[in-house]
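The sequence shown maps to residues -17 to 305 in the numbering used here.
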Amino acid sequence: MILTLTVNPSIDRLARLDTELKRGGVFRLPMAEDMAGGKGINVSKALHYAGEKTLALYPASDSGKFTRLLEVSGIPHEAINTTNEARVNLTLAEPDGTTTKLNSPGMTLTKAHRRRVLEKLIHHAKHATWVVFAGSLPPGVPRDFYVQCTEAVYSVNPNIRVAMDTSDGPLTEVVRAFPKVRPFLMKPNAYELGQIIDQDGEELEAAAAEGNYLPVAQAARALNELGVSEVLATLGEAGAVLSVKSGGCFAATSPSIVAQSTVGAGDCALAGYVMSRERGDSYQDALTTAVAYGAAATSLPGTTIPYPEQVHPEAGRLWQLDT
C-alpha cells in the first residue's frame, strides 16, 4: 500500500475565465467547481485511478465538505478528525492555459492534532511500502514536522520508502536533518532544488529548457551524496531529471502538448514515479511514466487528475546524463 499524508488539505475551487485575467478588472465566472485537493490527495487520486492500493490521510473535519468531496470521488481516505474545515484554494484558469492560484494558509493544528496525526501515521505505516509526505504545513505546525513524521514511520517500518515533496522552511528542515533522517525519494521542482543548493531555480529550469540538463543533474547528484537514494527533479515543459544513488542519471521529456493547467502536474509526476517503482519497473521506465503523468495533468483543466488511458509514456524521449 502507498500511504499519503496531506497535512494542509484544501478544497480546490476552479474558476474558468472566458477572457484574459487583468489586474483590477471585474469578471463573471461562467463556471466554478470544488474538488478535494492538496498534494498528497492528488497523489492518492492518481494512484487510485491507476488501480494502486493507497490511503490518503489528512487532518480535517470527518463530516465536513472536504471529506464529503473525497467520499464522492471514491478515493480511499481517513480523516484525522479536527473541528475545522479544510482551507479553500482558488485557481483562476484563463483560456490559453495560464493559471493563477490564490492559496489560503490553512487551519491551525494544535499540539493535540499533531499528536493524532503521528499516531495515525504510525498505525498505517506498519503495513505500507511507501509513504508520501507532500505539500506545505499549516499554521501552528513546526517546520521540522516532516522530519518528525519520517522518524515516526521508520521507527515502526524501517523498510518503508519515504517520498518527500515540500518547499521553503519545511524543506530546509528536511535537508538539515541529513544524514540522521532522510527520505528515500525527494521530488523537488527547479525552484525547490535551487533552495536546497542555494542556486537560482529559474536559471536551473531555463538551462534545462535550452537543452542543458547538467546543472540540474549535478544538483540532484549532490542530494544522492547526502544519502537520498533517488531524486526526481521536475522541470515543467523541460521534463524531468532522475538521479539514482546506486545508478545513473537520466533525463526525459514528453511530446509538446496544449497546456490547460499546470496545477497538480508535479503531484501526478510523483504518483507516476512511485507507482512505477512499486510495480518493480526500471528507473528509466519510472522516469518516463512520471513525465507522462505530469504532461497528461498539464493537458487537463484545473487540478484534474489523469486516468491511465490518458497517459502515454511510450511517446516520451529518454537519455542518460553524464555527471
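Ideal placement from N, C-alpha and C gives every residue a C-beta, glycine not left out.
Beta carbon of residue i nearer than 9 Å to that of residue j
i      : j    : result
L217   : V210 : no
L324   : V273 : Outside the displayed span of the chain (-17 to 305) sits residue 324, for which this structure offers no information.
P58    : L37  : yes
G254   : A268 : yes
M373   : L51  : No answer is possible for residue 373: the residues shown for the chain start at -17 and end at 305.
I(-16) : S26  : yes
A(-3)  : L11  : yes
T285   : N24  : yes
T270   : A234 : yes
V144   : P165 : yes
V138   : V163 : no
G79    : V240 : yes
E389   : F48  : One cannot answer for residue 389 here, as it falls past the ends of the chain, which runs -17 to 305.
G298   : A278 : no
E212   : Y265 : yes
A191   : P197 : no
For residue i, the first and last residue of its enclosing alpha helix (DSSP H)
i     : result
P197  : 196 to 207
S(-8) : Unbroken run through S(-8) is the beta strand (DSSP E), -8 to -2; no alpha helix (DSSP H).
H30   : 21 to 31
R10   : R10 -> no alpha helix (DSSP H), and no H or E assigned at all.
L186  : 183 to 191
A110  : Neither: A110 is in no alpha helix (DSSP H) and is coded neither H nor E.
L175  : 172 to 179
Backbone CA spacing between residue i and residue j [nearest angstrom]
i    : j    : result
W301 : K93  : 47 Å
V114 : K4   : 37 Å
N194 : A188 : 9 Å
A220 : A199 : 13 Å
D263 : T82  : 36 Å
A32  : V54  : 18 Å
A134 : R158 : 17 Å
L186 : A215 : 11 Å
G122 : D180 : 27 Å
R125 : S149 : 10 Å
T244 : R96  : 31 Å
S225 : S45  : 42 Å
E291 : P237 : 16 Å
Y173 : G248 : 12 Å
F127 : L91  : 12 Å
P120 : E2   : 32 Å
Y136 : T65  : 29 Å
I104 : E155 : 21 Å
G6   : P170 : 34 Å
N71  : H109 : 32 Å
I287 : G151 : 28 Å
G176 : L303 : 19 Å
First through last residue of the beta strand (DSSP E) which encompasses residue i
i    : result
Y40  : 36 to 42
T307 : Residue 307 lies beyond the residue range present for the chain, which begins at -17 and ends at 305; the question has no answer from this structure.
Q302 : 299 to 303
E76  : No beta strand (DSSP E) contains E76, which DSSP labels as neither H nor E.
I62  : 59 to 63
T216 : 212 to 216
V99  : V99 -> not in any beta strand (DSSP E); alpha helix (DSSP H) instead, spanning 93 to 107.
T49  : Here T49 belongs to no beta strand (DSSP E); instead the alpha helix (DSSP H) covers 47 to 55.
T132 : Run containing T132: none in the beta strand (DSSP E); it sits in the alpha helix (DSSP H), 127 to 138.
L282 : Unbroken run through L282: none, as it is neither H nor E.
K83  : 81 to 84
beta-carbon residue i near the ligand FMN non-hydrogen atom, thresh 8 Å
i    : result
L224 : The model on display carries no ligand, and the ligand FMN is accordingly not part of it.
Anticipated Cβ contact below 8 Å, residue i with residue j, distance rounded
i    : j    : result
K21  : G117 : 4 Å
P87  : R69  : 7 Å
T111 : E260 : 6 Å
V99  : I62  : 5 Å
L39  : E60  : 6 Å
T305 : C231 : 5 Å
L282 : D147 : In fact, because the Cβ distance is near 20 Å, the residues do not count as touching under 8 Å.
Min CB distance residue i to chain C below 9 Å
i    : result
Q292 : Within the model displayed, chain C is absent; a lone protein chain is all it includes.
* Please go through the region 140 to 168 and give each complete beta strand (DSSP E) segment of 3 or more residues, from N-terminal end onward. => 143 to 147
* For the region 208 to 271, which segments carrying the alpha helix (DSSP H) assignment without a break, of at least 4 residues, lie completely within its bounds, in sequence order? -> Taken in chain order, the whole alpha helix (DSSP H) runs of length 4 or more contained in the region 208 to 271 are 247 to 260.
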